[in-house]
Every structure is written in C-alpha cells, then in structure tokens.
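Colleague:
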Amino acid sequence: MKSTTTRSMAVVAAVLATGLLAGCAEELPVPKPEAPVAAAVVTQSQERKILDKVSGVVDEANKASKADSLAARLSGPALSIRETQLKLAAARGDDEPLTNLTMQMQQVILPSDQEWPRSSYAITVQPKDLTTPVLMAFNQSTAREQYKLWAWVRLLPGVTMPQFAEADLGSASVAPNDESLKMTPDSAVEQYASVLTVDERSKYADNFADDDLRAFFREYGQKQVDAINKEECGGEFKVGYERTKDPVKAVRTADGGALMLAAMISTETITAKEEGCEIGPPSESAQALWGDAGNTNVVQLNYKDVVAMYIPPKDSDDQVSLVGYEHVLSSVSNG
Amino acid sequence: MVQRFLATLLILAGLGGIGYGVATATVLRESDTVVATATPSGDGTMVVTEPGVLGLVDDQVTVRATVPEGQKVTLALGSDVDVLGWVGEDPYDSVTGLSSWETLSVAPGTGLATDEEGEEASDEPAEKPSTGPDPAGSDMWITEVSGETTVQMRWTEQPGRVVLLAAGVGKGAEAPTLELTWPRPVATPYLWPGVLGGGFALILGVFMAIGARRSKKRGGSKGRSPSGARTRQPASDLPRRDAVFGVDGDEPNQYPDESHGGYPPALGDAPDGGTAVFPPSAPGMPGQGLPVQGMPAPDDEPTQSWGPPAPFGGAAPITPEPAPAPEPVAAPAASIRGMRRSRRGQGPAAAPAAPAQAPAQPPQFGGAVPEHTQPAPAPSGATAAAQAAPAPSGKPMTRREMRMREQAERRAATGTQPAVPAAEPEPQPEPEQQTPSSRAAAWRQTWGVTGNDDGGSNR
C-alpha cells in the first residue's frame with residue numbers, strides 16, 4: 000500500500016509539474032506570405048463591381064440627359080464622345096445617338112500589369128436590338144484613381160475577335176511603340192488614318208485589310224455625290240481622319256499580337272462645286288446640330304471616332320484589321 | 000498513524016490534482032484570443048501590414064483601428080501591390096509581425112523618402128496640417144470600412160497576398176493605432192488527467208482514511224483481524240478491501256458467519272451471493288462474534304438501507320406457489336426466452352437480495368415462474384440449485400452464472416443450503432473474482448440503477 004501511495008503520489012506530482020510547465024509560452028509565429036503569383040491584378044468580382052459603378056454613372060447621365068457626372072467614371076475619348084452623344088440626343092429630342100452601354104459582359108480581359116496605368120477590356124453581350132456587341136476599354140491611370148471607361152467601339156458585324164489569355168491570369172498591356180508586332184500601335188493608328196482618308200490611294204493601304212468602315216465611306220460618299228450630281232451641282236465628298244493626342248491603348252492577345260484602341264477625329268466635307276447650288280445637312284443628326292445656320296454650297300461634318308484594330312505579331316502573314324469603330328457626329332458647319 | 004498520514008496526503012494531493020485540472024481549464028486557461036497592437040511611429044498617416052501578417056495566428060482576424068477622437072479613419076484590404084501602389088510615395092508604417100504576443104512590430108515603410116509630414120502634423124497641427132488621403136472607395140479594395148475614431152473589420156484570410164491599409168484621414172490626421180485579434184484554439188490537456196488522477200488519489204486517500212479508522216477501532220474492540228480471515232491479503236491491503244466491502248456490503252465471508260447465526264433459510268440463501276441483503280439481519284447480529292467486518296456499524300449502514308428491497312427477497316420465500324420441485328425438471332427445457340424473462344424479473348426483484356446468486360436460479364424456473372416468485376425456490380435450496388446446474392446447458396452462461404452454479408453445487412453437496420461455512424477456504428478466492436461484478440451490482444442497487452445486465456440483455 001505504501002508503495003502504491005508513493006507511486007500514485009509521484010504520478011500526481013509529475014502531472015502537476017507538467018501542468019505548470021505548460022504555462023510557458025509558445026513560439027511567436029512569423030508571417031508566411033504566399034509567393035506572388037502571376038494573376039490578373041483585378042479579380043473578376045472586382046471587375047464586376049467596377050462595371051456596375053461605371054454603368055451606374057452612365058445610366059444616371061442618360062436619365063438626367065446631363066454629362067456633368069460622367070467624369071467620375073468616364074475619361075478620355077469615352078467622356079468626350081458620351082458628352083457629344085448626350086448633346087446630340089438633347090438636340091434631336093430622342094436617345095437614338097446614345098450608344099447602348101449596358102454593361103453585361105460576355106468576356107472580360109483583365110490587366111496583369113502591376114504598374115499603373117492599368118487597363119481592362121470587356122465585350123458586351125449582343126444587345127437586344129441586334130446591334131453588334133460593344134468592346135469597352137477601362138483605364139485606371141494611377142493607383143488613387145478609379146477605373147474609368149476610356150473608350151468603346153461597336154464591333155463590326157461578323158468580326159472574329161482574337162483570343163486572349165484567361166481572365167484570371169490577366170493580359171499584359173502593349174506599349175504604343177511595341178516592336179513585336181507587325182507595326183507599332185502608334186504607327187498603326189497613323190497609317191490607318193491615312194488609309195481612311197485616301198483609301199486605296201494610301202501608301203499604307205496594303206498593310207490593312209479592307210473593312211466595313213472604309214466600305215461605308217465609299218458608299219456613303221458616293222451616295223452624297225450622286226445626290227448632288229443629280230442636281231448637276233458638281234458634288235464632291237471628302238473625308239479626313241487624324242489621330243487625337245490621346246495615347247493608344249493596346250493589350251496582348253494570346254497569339255502574341257495586340258488589340259488596339261485609338262481615338263481619332265474625322266471630318267466629312269460635302270461640296271457642291273457648281274455656282275448657285277446650296278446643300279443642307281445630310282442627316283437627321285446633322286440637321287439637329289445645324290440649327291439656323293444658312294445653307295451654303297458646303298457642309299462640313301465633324302466626328303469623333305474610336306477605332307479598334309487587331310495588330311498581328313511581327314511574323315504573321317495577316318494584315319492589320321479593323322474589329323470595331325465608333326463614329327459620332329460632333330458638329331456641323333456650313334463651311 | 001502512517002496510514003492516516005498517507006491518507007491525508009493522498010486526499011490533499013487528490014484535491015490538488017482536481018483543483019489544478021479544473022483551474023487549467025478555467026482561471027489558468029490561456030486566453031483564446033491573441034490581441035496584438037501596433038503603435039505607429041508617427042511617420043505618415045498610414046499603416047500597412049506586410050503580406051502574411053493578417054493570417055499570422057489564425058485565418059480569422061478582427062482588425063480595429065483607432066485614431067484620436069473625432070478623426071476619420073479608414074480600413075481597407077487589398078493585394079499588397081494595390082495597397083502599396085495606392086500609398087505610393089507617402090510615408091507609412093509597416094507592420095512586419097509580432098514582437099510579442101501583445102505587440103506588433105512596426106517599421107517605417109520601405110523604399111520611401113523620409114517625410115516628416117505626418118510627425119509634424121501631430122506635433123504642430125496648427126502650423127502645418129497634413130491631410131491624410133482617404134483610401135475609401137477605391138475599386139481595388141477587397142473590403143473596406145470607414146468611420147470616426149474607431150473602426151473594426153473582420154477578415155477571413157484567403158489565398159493571395161492580402162494586406163491591410165489603415166489610414167487616418169483628413170486634416171491633421173495621424174496614423175491609426177492598429178489592434179489585430181485572432182482566435183486561438185486553447186487545449187486543456189490537464190483537465191481530465193488532473194481531475195481523474197486527483198479523483199483517484201482522493202478516493203484512495205478516503206478509503207485509506209476509513210481503513211485506518213477501522214483498524215484502529217478494530218484494534219481496540221476485537222481480537223480477530225481481517226487479515227486472519229484472509230490470509231492471502233497483505234495486512235496493508237486489507238483496510239482498503241474492508242472499506243470497499245464495507246461500503247458495498249459485499250463481503251462474502253460475512254455471510255457464512257451470519258448464516259450460522261441462525262438466519263431463516265429463505266434469507267440464508269442470499270449469502271451465497273455474498274451480497275448485502277442480509278444486513279437487515281445485521282442489526283440483530285452485532286453481538287454474535289461476527290468477523291470484524293460485520294461490526295463497524297457505520298460502514299454497514301448503507302447496506303441496511305437496502306432493507307426495503309429485502310422485503311421482496313424476504314417475501315418471496317414465503318410465497319408458497321412455485322412448487323420448486325416440478326420446476327427444476329422443467330428447467331432443462333426452459334427456452335432461452337423463458338430464461339431471459341426470469342432473469343429480467345430477477346433484476347429488480349431479486350437482485351437487491353443476491354445479485355450474484357440470481358443468475359444461478361433462473362434456469363430452475365424457466366419461463367414458468369412469475370418474476371417475483373423467483374426467490375421462492377430459495378427454500379428448496381440446495382437440491383434445486385443442484386438440479387439447476389444442468390439446466391443452462393445449451394445456453395451460454397455468464398461467468399457469474401457459472402460461479403453461482405458452482406456454489407450451488409457445492410452447497411448441494413454439503414446439504415446445508417445457505418450455510419457455506421464449510422467451503423470457507425475455497426470461497427475465498429472466488430469472492431475475489433466476484434467482487435467486481437457483485438460490487439458493481441451492489442452499487443447499481445444502492446443507486447437505484449436497475450441491473451442493466453439483465454434488463455438490457457432482455458430487450
């Protein structure tokens with residue numbers, strides 16, 4: 000019995016001793032950060048929130064028919080074009096000039112660059128009115144800025160968009176002077192301006208596939224000229240494109256090429272060369288902006304444009320091709 | 000004396016062990032949260048945690064940022080790239096980890112120009128108020144919260160390099176004081192060992208104390224010591240056994256002696272079970288020169304409390320019905336079902352009387368005997384028991400049943416039913432084996448737990 004007691008007491012003592020030792024502190028944990036991984040710097044859920052915020056601002060401006068609040072979420076060409084559209088819509092008294100900017104997206108192209116500015120792109124689903132989907136570009140110029148809609152284009156009917164990296168991985172932006180492409184984005188927009196202006200006669204015409212925009216001007220110009228010539232007034236139609244100071248935005252495609260958006264301005268000049276002939280605004284929108292200006296033999300229409308082009312990689316046999324454009328009448332004058 | 004001392008020691012150790020075990024789970028228990036605070040160095044208006052700091056202790060973290068009364072403060076979570084990009088060139092404090100369980104280590108943000116703007120602002124806000132930029136509302140934040148004076152946010156760590164940006168906002172802003180709170184799982188590994196070990200020591204001590212007291216008494220009043228009866232037991236062990244048996248009323252050796260004292264046959268049967276039913280008789284017995292165990296009145300008291308059940312046992316014998324004679328014959332044929340039923344009956348009724356013996360009898364009665372009458376066969380005693388022996392054939396017998404049968408046979412052989420005195424030398428080892436089960440049975444009875452052996456097996 001004694002030995003039993005002693006033993007059990009020893010056990011109790013041991014238990015007590017271990018218990019007291021347990022009071023001693025554990026080691027302090029050290030932060031174990033995950034290694035940085037290559038991923039988009041904007042998650043899809045963040046992108047969705049951004050889209051909702053931008054969309055909210057756009058909708059509000061539509062309702063109020065005022066552009067004042069747009070600057071919070073629109074910038075660059077998009078801000079300028081939307082202001083123009085709202086003005087035009089107000090002049091016409093309807094919302095026909097307003098591009099449908101419903102931000103329901105079928106695809107997002109998220110940035111992978113950690114530096115600023117960062118750009119993301121998105122393609123809307125086909126609108127109910129069967130117009131073509133819209134490609135939008137969003138830009139965060141600095142870290143303390145918000146993402147803002149920077150530009151958009153309506154995609155050409157039947158156009159095939161290039162492939163992009165997985166949205167979660169993100170796509171790298173392409174510098175305006177990137178040399179890995181068939182031509183740098185900067186030169187692409189400059190050359191294309193030439194091509195739009197003089198079409199086939201441009202020395203760059205071979206670099207670009209023919210496209211709907213060029214075809215549009217050929218047809219439209221011909222129609223204007225025909226209408227004037229019907230009166231034997233010696234019709235003439237000219238279009239002039241030039242790029243704006245806005246930098247181009249380009250993003251890498253899966254094949255190593257780039258999708259590029261660039262802002263331009265354009266001018267259509269319709270002239271009736273014969274003496275005594277007078278012409279008026281050629282469209283309802285132009286009429287709305289025309290106001291009470293007197294008719295002369297010249298109509299000049301100024302537009303704000305955005306073009307989106309696919310620039311293939313350097314070693315590709317493909318041509319640079321237009322994938323979408325926006326062409327918004329901004330002002331009309333009688334010469 | 001030594002015993003008493005040891006007993007006291009054991010009791011104290013036991014109480015201490017229990018106390019300590021409980022204490023480790025209550026007052027001594029470590030806090031189940033870790034709360035660490037970062038006090039900004041005074042440079043700048045922003046505090047940024049390094050990647051991994053938020054998940055330092057646990058995935059769940061509660062962040063609280065405090066700025067001087069009335070000022071605005073914003074908490075934002077974003078990827079480290081986004082947050083540092085947002086902070087940009089401004090001075091900030093970086094929380095790099097824990098410097099103790101209560102303190103976060105803070106270092107000036109790296110790669111930044113030394114800008115005293117924030118410090119100056121706090122020292123002489125009137126002269127050169129700085130304006131803390133407000134990170135609230137940025138598209139880059141995963142989540143954010145803004146408020147005055149104190150804001151709090153909860154965050155469950157997710158994959159990625161998520162860091163916290165806490166910023167004092169507005170004129171004269173100061174970097175907020177950060178407090179991170181994590182839950183921490185706290186184990187209480189000493190609770191049960193402490194309680195059980197302590198409890199063991201305590202019980203040991205209590206028994207020892209009782210034993211010590213008894214042997215003292217015994218030494219004074221009686222000449223015959225238990226060690227005499229149980230030659231096999233070392234003297235030191237006896238007190239404990241005594242105590243156990245005393246409490247249990249389970250001392251087998253008691254009965255033989257008692258039965259000698261002239262118990263009625265009916266009751267006399269019980270002693271085989273070695274149970275305490277008989278204690279009722281004990282009051283009458285004291286003077287009879289029983290073994291010491293019988294004597295200590297206090298210890299036997301509990302057994303006397305079983306008096307009430309005894310009437311069952313006692314009454315049964317009186318009932319004439321179960322002409323036991325035929326029964327035994329039928330017994331062999333008894334179906335398992337019948338046997339079980341009889342056993343069930345025994346549980347509540349006969350058990351108090353003789354849990355150990357009970358199993359031996361069921362075979363005799365087969366299914367025919369009403370449950371309460373079972374004790375009746377007792378009078379028929381030895382013969383019945385002897386005949387019963389074959390009955391269980393074909394049925395698995397429990398060890399207890401086998402023991403009981405053995406005893407019954409022995410008894411039959413001697414011809415005297417309850418009086419087993421002759422068997423003295425042999426029973427001794429048996430009671431030892433028996434004690435666990437019979438003791439358990441006794442406990443069950445004492446505490447009103449109906450035998451779940453019997454009842455349970457039945458259903």
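Chains as they are written, first to last, in numbering that gives the first Met the number 0: chain L, 0 to 334; chain A, 0 to 458. A virtual CB, placed ideally from N, CA and C, is assigned to each residue, including glycine.
1) So with CB distances below 9 Å, who are the chain L contacts of A:Ser-137?
2) Assign L:Leu-69 to one of three DSSP states: helix, strand, or coil.
3) From the beta carbon of A:Asp-92, is the nearest beta carbon of chain L less than 8 Å away?
4) Quick check: A:Ala-75 and A:Thr-176, are their CB atoms within less than 8 Å of each other?
5) Which residues, in order along the segment 151-169 of chain A, keep a beta-carbon less than 7 Å from a beta-carbon of chain L?
6) Of all Cβ atoms in chain A, is any one closer than 8 Å to the Cβ of L:Lys-65?
7) Would you list the residues sitting across from A:Val-34 in a DSSP beta bridge?
8) Check each candidate in L:Glu-277, L:Gly-234, L:Thr-141, L:Leu-109 and name the one with the smallest Cα separation from L:Gly-293.
9) A:Thr-73 and A:Glu-178 - do their beta-carbons sit closer together than 8 Å?
10) Listed from N- to C-terminal order along the chain, which residues in the segment 110-123 of chain L have their beta-carbon within a distance smaller than 7 Å of any beta-carbon of chain A?
11) If you follow the alpha helix (DSSP H) that L:Ser-284 is in, where does it begin and where does it stop?
12) In the DSSP output, what is L:Tyr-240 paired with across the bridge?
13) Measuring alpha carbon to alpha carbon, tell me which residue in L:Lys-303, L:Ser-64, L:Asp-254, L:Ala-307 is nearest L:Arg-91.
14) Buried or exposed for L:Leu-109, going by 16 or more other Cβ atoms inside 10 Å?
15) Is the Cβ of L:Leu-100 closer than 8 Å to any Cβ of chain A?
16) Please look up how many angstroms separate the CB atoms of L:Ala-249 and L:Pro-184, rounded, as I've assumed it's under 8 Å.
17) Give me the chain A residues within the contact set of L:Glu-277, using Cβ-Cβ distance strictly less than 7 Å, ordered along the chain.
18) Within 10 angstroms of the Cβ of L:Lys-272, are there 16 or more other Cβ atoms? Answer buried if so, exposed if not.
19) For the putative contact between L:Val-152 and L:Tyr-324, defined by C-beta atoms under 8 Å, what is the C-beta separation to the nearest angstrom?
20) Nearest by alpha-carbon distance to A:Asp-57: which of A:Pro-107, A:Val-34, A:Ile-202 is it?
21) Quick check on DSSP: helix, strand or coil for A:Arg-153?
22) Please name the residue, chosen from A:Glu-101, A:Val-46, A:Ser-99, A:Thr-61, that lies closest to A:Asp-79 on a Cα-to-Cα basis.
23) What does the Cβ neighbour count give for L:Pro-311, buried or exposed, with the cut at 16 atoms within 10 Å?
24) Quick one, are the C-beta atoms of L:Ala-253 and L:Asp-167 less than 8 Å apart?
25) Could you spell out where the beta strand (DSSP E) holding A:Ser-104 opens and where it closes?
26) With 16 other CB atoms within 10 Å as the buried threshold, where does A:Tyr-19 fall?
27) Please list the segments of the beta strand (DSSP E) lying wholly inside the segment 285-322 of chain L, counting only runs of 3 or more residues, in order along the chain.
28) Residues of the segment 36-69 of chain A with a CB closer than 7 Å to any CB of chain L: list them in chain order, please.
29) Skipping 5 residues on each side, what residues in its chain have a beta carbon closer than 6 Å to that of A:Ser-104?
30) What does DSSP give as the partner residue(s) for L:Pro-110 in the beta ladder?
31) Using only the alpha-carbon positions, how far apart do L:Thr-376 and L:Gly-279 sit?
32) Which residues of the segment 46-57 of chain L have a Cβ closer than 8 Å to any Cβ of chain A? Give them in chain order.
33) In terms of residue numbering, what span does the alpha helix (DSSP H) encompassing L:Gln-223 cover?
34) With a cut-off of 8 Å, does the C-beta of A:Pro-132 fall near any C-beta of chain L?
35) Taking the C-alpha atoms as reference points, what is the distance between L:Asp-55 and A:Pro-134?
36) Taking only beta-carbon atoms, is L:Lys-248 less than 8 Å away from chain A?
Modeller: Let's see:
1) Here residue 137 of chain A is taken as the residue at index 138 of the second sequence, counted from 1. Going along chain L in sequence order, the residues near A:Ser-137 (Cβ under 9 Å) are Ala-142, Arg-143, Glu-144, Gln-145.
2) Within the first sequence, residue 69 of chain L is the residue found at index 70, counting from 1. It is helical.
3) In the second sequence, residue 92 of chain A corresponds to position 93, counting from 1. Taking Cβ atoms only, chain L never reaches closer than 8 Å to A:Asp-92, which makes this a no.
4) Counting from 1 along the second sequence, the entry for residue 75 of chain A is found at position 76. Counting from 1 along the second sequence, the entry for residue 176 of chain A is found at position 177. Contact flag unset, no.
5) Pro-158, Gly-159, Arg-160
6) Position 66 of the first sequence holds residue 65 of chain L. Not an interface residue.
7) Here residue 34 of chain A corresponds to residue number 35 of the second sequence, with the count starting at 1. Answer by DSSP bridge pairing, in chain order: A:Thr-180.
8) Taking the first residue of the first sequence as position 1, residue 293 of chain L is located at position 294. Closest option to L:Gly-293, Cα to Cα, is L:Glu-277.
9) On the second sequence, position 179 is the one that residue 178 of chain A refers to. On the second sequence, position 74 is the one that residue 73 of chain A refers to. No. Outside cutoff.
10) Gln-113, Trp-115
11) Position 285 of the first sequence, counting from 1, holds the residue named residue 284 of chain L. 283-289 is the extent of the alpha helix (DSSP H) around L:Ser-284.
12) Position 241 of the first sequence holds residue 240 of chain L. According to DSSP, which records beta bridges pairwise, L:Tyr-240 is partnered with L:Ser-265.
13) For the purposes of this step, residue 91 of chain L is taken as residue 92 along the first sequence, with counting starting at 1. Per the Cα distances, L:Ser-64.
14) By one-based count along the first sequence, residue 109 of chain L stands at place 110. Its Cβ being crowded by 16 or more others within 10 Å, L:Leu-109 is buried.
15) In the first sequence, the residue the question calls residue 100 of chain L occupies position 101. No, L:Leu-100 does not count as interfacial toward chain A.
16) Position 250 of the first sequence holds residue 249 of chain L. Position 185 of the first sequence holds residue 184 of chain L. That pair is a contact at about 4 Å.
17) Here residue 277 of chain L refers to the residue found at position 278 when the first sequence is read from its first residue. Going along chain A, no residue has its Cβ under 7 Å from L:Glu-277, so there is no contact; the nearest lies around 53 Å.
18) Here residue 272 of chain L refers to the residue found at position 273 of the first sequence. When all chains shown are included, L:Lys-272 counts as exposed.
19) The count along the first sequence starts at 1 and reaches residue 152 of chain L at position 153. The count along the first sequence starts at 1 and reaches residue 324 of chain L at position 325. Indeed they touch by this definition, with Cβ atoms about 5 Å apart.
20) As a first step, residue 57 of chain A is located in the second sequence; it is residue number 58 there, counting from the start. For the residues A:Pro-107, A:Val-34, A:Ile-202, the minimum Cα distance to A:Asp-57 belongs to A:Val-34.
21) Stepping through the second sequence from its first residue, residue 153 of chain A is reached at position 154. In this structure, A:Arg-153 counts as strand in the three-state DSSP scheme.
22) For this step, residue 79 of chain A is matched to residue 80 along the second sequence. Closest by alpha carbon: A:Val-46.
23) Here residue 311 of chain L refers to the residue found at position 312 when the first sequence is read from its first residue. It counts as buried.
24) Mapped onto the first sequence, residue 253 of chain L falls at position 254. Mapped onto the first sequence, residue 167 of chain L falls at position 168. Judged by their CB atoms, L:Ala-253 and L:Asp-167 are not nearer to each other than the 8 Å cut-off.
25) To locate residue 104 of chain A, count along the second sequence from 1; it is residue 105. Per DSSP, A:Ser-104 belongs to the beta strand (DSSP E) from 103-107.
26) Within the second sequence, residue 19 of chain A is the residue found at index 20, counting from 1. By the 10 Å Cβ count, A:Tyr-19 comes out buried.
27) 297-310
28) Glu-49, Pro-50, Gly-51, Val-52, Leu-55, Val-56
29) Here residue 104 of chain A is taken as the residue at index 105 of the second sequence, counted from 1. The residues are Thr-95, Gly-96, Ser-98.
30) Numbered from its first residue, the first sequence carries residue 110 of chain L at position 111. BP columns for L:Pro-110 point to L:Ser-170.
31) Beyond the ends of chain L as shown, which are 0 and 334, falls residue 376 of chain L; an answer cannot be given.
32) Lys-48, Ile-49, Lys-52
33) Residue numbering aside, residue 223 of chain L sits at position 224 when the first sequence is read from its first letter. Counting along the chain, the alpha helix (DSSP H) containing L:Gln-223 begins and ends at 211-229.
34) Residue numbering aside, residue 132 of chain A sits at position 133 when the second sequence is read from its first letter. Closer than 8 Å to some Cβ of chain L, the Cβ of A:Pro-132 qualifies, so yes.
35) Counting from 1 along the first sequence, the entry for residue 55 of chain L is found at position 56. Counting from 1 along the second sequence, the entry for residue 134 of chain A is found at position 135. Correcting the residue identity first, residue 55 of chain L is Gly in this sequence and not Asp. About 21 Å.
36) Translated into positions along the first sequence, residue 248 of chain L becomes position 249. No, because no Cβ of chain A sits closer than 8 Å to the Cβ of L:Lys-248.
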